[in-house]
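**Student:** I'd like to ask some things about the structure below.
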Amino acid sequence: MIIVRILGGLGNQMFQYAYAKSLEMKGYEVQLDLSKIKKYKLHGGYQLDKYKIDLKTANSFNLFLSKINPFKTLKEKNLLFDKNLTNLKGNEYLKGYFQTEKYFSDIRSELIHQFVLKEELSNSTKLYKTEILKSETSCSIHIRRGDYVTDSKSNTIHGTCSLAYYKEAIKIINKKHSNVSFFIFSDDINWTKDNLVIENAVYINHKCLPHEDIYLMSLCKHNITANSSFSWWGAWLNRNKNKTIIAPRNWFVDKVNEIACQNWIKI
114 MIIVRILGGL GNQMFQYAYA KSLEMKGYEV QLDLSKIKKY KLHGGYQLDK
164 YKIDLKTANS FNLFLSKINP FKTLKEKNLL FDKNLTNLKG NEYLKGYFQT
214 EKYFSDIRSE LIHQFVLKEE LSNSTKLYKT EILKSETSCS IHIRRGDYVT
264 DSKSNTIHGT CSLAYYKEAI KIINKKHSNV SFFIFSDDIN WTKDNLVIEN
314 AVYINHKCLP HEDIYLMSLC KHNITANSSF SWWGAWLNRN KNKTIIAPRN
364 WFVDKVNEIA CQNWIKI
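Set out below in structure tokens:
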């Protein structure tokens, strides 16, 4: 049996689930450890239950077994793809974030069908969905601030994407596509309105339901992400075959990573 720990915000939970699901589809028996995320108070807590996922949750007995022989705890060494984490012997407990599609790109179609919302959309999301779908050329922009700004540890690790990054990304989108309508998502929408003034823009301003905002981003024809797993998934779940996705080259301040996909434009 393989047990994968779920921890972090929704984007991180989705990466961990995608990794776990890829293992199951290779033939492993896989379960999820939700014991930590159930106590996690940041970023809305556990949210994978909003989706039509099907991996089993490890019960208390299996979690007890995972702490003793013959189970072995494996930790992700860094943020780069590790082939060893795809060829397991069984009876392992996995800790990590697995933030690269290299772990699960081969099961993309399965994940797209599992990361479907189970419940009816909120009224505000329905309205924004209508605006996105009626626009000729829609492009989402995600500005991540929140703890990246207010928490010194998070700021040291992640930093924030500069306004120069967003202006350059918008310039590229407008050069590649015509009649673009920008749909702007942020955890600090008032700051964004004051500091990133864009023509043909809709600022998504409603009580944030993370899973619904990822869904709205995925409906856009093109995406500009922040250095955030949240908007990463909005872009990755975008089904437009001719999509343009722009992402920051440096996802972290001083760590090498492979988070932005190879076919994305990195600036």
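One gets this note's numbering by counting positions in the sequence shown from 1 and adding 113 to each.
Using N, Cα and C, we set each Cβ at its ideal position, and we do this for glycine too.
1) Thinking C-beta only, is residue 169 closer than 7 Å to residue 144?
2) Kindly provide the ranges of any beta strand (DSSP E) runs that are 3 or more residues long and lie completely inside the segment 296-369, ordered along the chain.
3) Please list the terminal residues of the continuous beta strand (DSSP E) segment that includes residue 256.
4) Under 7 Å, Cβ to Cβ, is there at least one residue of chain B near residue 332?
5) Per the DSSP calculation, residue 230 is bridged to which residue(s)?
6) Are residue 348 and residue 363 close, meaning C-beta to C-beta below 7 Å?
7) Is residue 159 closer than 7 Å to residue 211 when the C-beta atoms are compared?
8) Do you know whose CA, among 231, 374, 227, 247, lies nearest residue 166's CA?
9) Exposed or buried, which one is residue 219 when buried takes at least 16 other CB atoms within 10 Å?
10) Quick one: Cα of residue 376 to Cα of residue 217, how far?
11) Output the boundary residues of the alpha helix (DSSP H) element that contains residue 206.
12) Provide the residue span of the alpha helix (DSSP H) that contains residue 288, from first to last.
13) So, for residue 215: in the same chain, excluding its five sequence neighbours on each side, which residues have a beta-carbon less than 6 Å away from its beta-carbon?
14) In the DSSP assignment, find the alpha helix (DSSP H) that holds residue 245 and state where it starts and stops.
15) Looking at the structure shown, is residue 187 part of a helix, part of a strand, or coil, going by DSSP?
16) Any contact between the segment 312-332 and the segment 340-356? By contact I mean 3 or more CB pairs, one from each, below 8 Å.
17) Tell me where the beta strand (DSSP E) around residue 145 begins and ends.
18) Let me make sure I understand the geometry here. Which of 283, 301, 230, 321 has the alpha-carbon closest to that of residue 314?
19) Taking the alpha helix (DSSP H) that residue 173 belongs to, which residues open and close that run?
20) Determine whether the beta carbon atoms of residue 173 and residue 116 lie at a separation below 7 Å.
21) Return the chain-ordered list of same chain residues with a C-beta closer than 6 Å to the C-beta of residue 249, the five sequence neighbours on each side being excluded.
22) So, under 8 Å CB-CB, residue 326 and residue 298 are touching, yes? Tell me the CB distance rounded to an integer number of Å.
23) Can you say whether residue 128 is buried or exposed, counting buried as having 16 or more other CB atoms within 10 angstroms of its CB?
**Tutor:** On the basis of the coordinates in this document:
1) yes
2) The qualifying runs are 314-316, 335-337, 358-360.
3) 250-256
4) Looking at the structure shown, chain B is missing, and only one protein chain is on hand.
5) Answer is 164.
6) no
7) Their beta carbons are not under 7 Å apart, which means residue 211 does not touch residue 159 by this criterion.
8) 227
9) exposed
10) Each residue's alpha carbon lies about 16 Å from the other.
11) Careful: residue 206 lies outside any alpha helix (DSSP H), inside the beta strand (DSSP E) at 205-208.
12) 276-289
13) 194
14) 236-247
15) DSSP, read as helix, strand or coil, puts residue 187 in strand.
16) yes
17) Unbroken beta strand (DSSP E) run through residue 145: 143-146.
18) 283
19) The continuous alpha helix (DSSP H) containing residue 173 extends over residues 173-178.
20) no
21) 292
22) 6 Å
23) buried
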